[in-house]
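K.L.:
Following this message is one structure expressed as structure tokens.
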Amino acid sequence: MDAVEYVTRDEVRRVCKQLKIRDWTRLTKPEAMKDEAKKILTAVNVEKMPIDLEEFRAGLDVELEHGTRFKDANVTKESLDYYKLLDVAELEGDLAKAVAAGNLEKIKKYYKKLAAAKILLARAQAKQVR
């Protein structure tokens, strides 16, 4: 099944040029640079919502990955803590695999990463209820 092209390559090139960032139609790795994320966030965040730059940049990476590897995937309408939730879910899966394998080194590694990810998620969720 072919994915619907909501934004053309020409439009992506035009916006990249306007924002003075790399031409994202030529990217080989789905990675947004911090300065690019800042320029994009400045352009789109007209209401000055308190959006964490690194969280936004990480979200751009995910969207770029979907655009470069999974063209029919789109999570752009998800909640602002979506990527933190995703990190927790992925780390829980990694931890479960390590436990199943009985790999104590990996269990310790993933448990620490999971704890840190849960703290970041809790902070993000707390900001939403203020």
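Per my numbering, the sequence shown starts with residue -1, numbered consecutively. Glycine included, every Cβ here is placed at the ideal spot set by N, Cα and C.
#1: Given that a residue counts as buried once 16 or more other Cβ atoms are within 10 Å of its Cβ, and exposed if not, what is alanine 124?
#2: Around the C-beta of lysine 82, are 16 or more other C-beta atoms found within 10 angstroms, so that it is buried, or is it exposed?
#3: Could you tell me the alpha carbon to alpha carbon distance between asparagine 72 and glycine 100, rounded to whole angstroms?
#4: Rounding to the nearest angstrom, what Cα-Cα distance links isoleucine 49 and valine 97 in this structure?
#5: Since alanine 35 and leucine 51 should fall inside the 8 Å C-beta cutoff, what is the C-beta to C-beta distance between them, to a whole number of angstroms?
#6: Beta carbon of leucine 89, beta carbon of leucine 62: below 8 Å?
#7: So which of Lys15, Ile117, Lys106 has the shortest CA-CA distance to aspartate 85?
#8: Please report how far the alpha carbon of threonine 40 lies from the alpha carbon of methionine 47, in whole angstroms.
#9: With distance defined between alpha-carbon atoms, name the residue in Leu119, Ala115, Leu93 nearest to tyrosine 108.
#10: Suppose contacts are defined by Cβ-Cβ distances below 8 Å. Is threonine 26 in contact with arginine 7 by that definition?
#11: Rounded to a whole number of angstroms, what is the C-alpha to C-alpha distance between alanine 115 and arginine 121?
#12: Looking only at its own chain, which residues have a Cβ that is under 8 Å from the Cβ of isoleucine 105, when we skip the five neighbours before and after it?
#13: When DSSP labels each residue in this structure, what does alanine 30 get in the three-state scheme?
P.N.:
Straight from the coordinates:
#1: exposed
#2: buried
#3: Since pLDDT at asparagine 72 reaches only 46, below the 50 mark, its modelled position is unreliable, and the value read off the structure follows with that caveat. Cα to Cα, the separation comes out at about 36 Å.
#4: 35 Å
#5: 6 Å
#6: no
#7: Ile117
#8: 10 Å
#9: Leu93
#10: no
#11: 10 Å
#12: Leu93, Ala96, Val97
#13: coil
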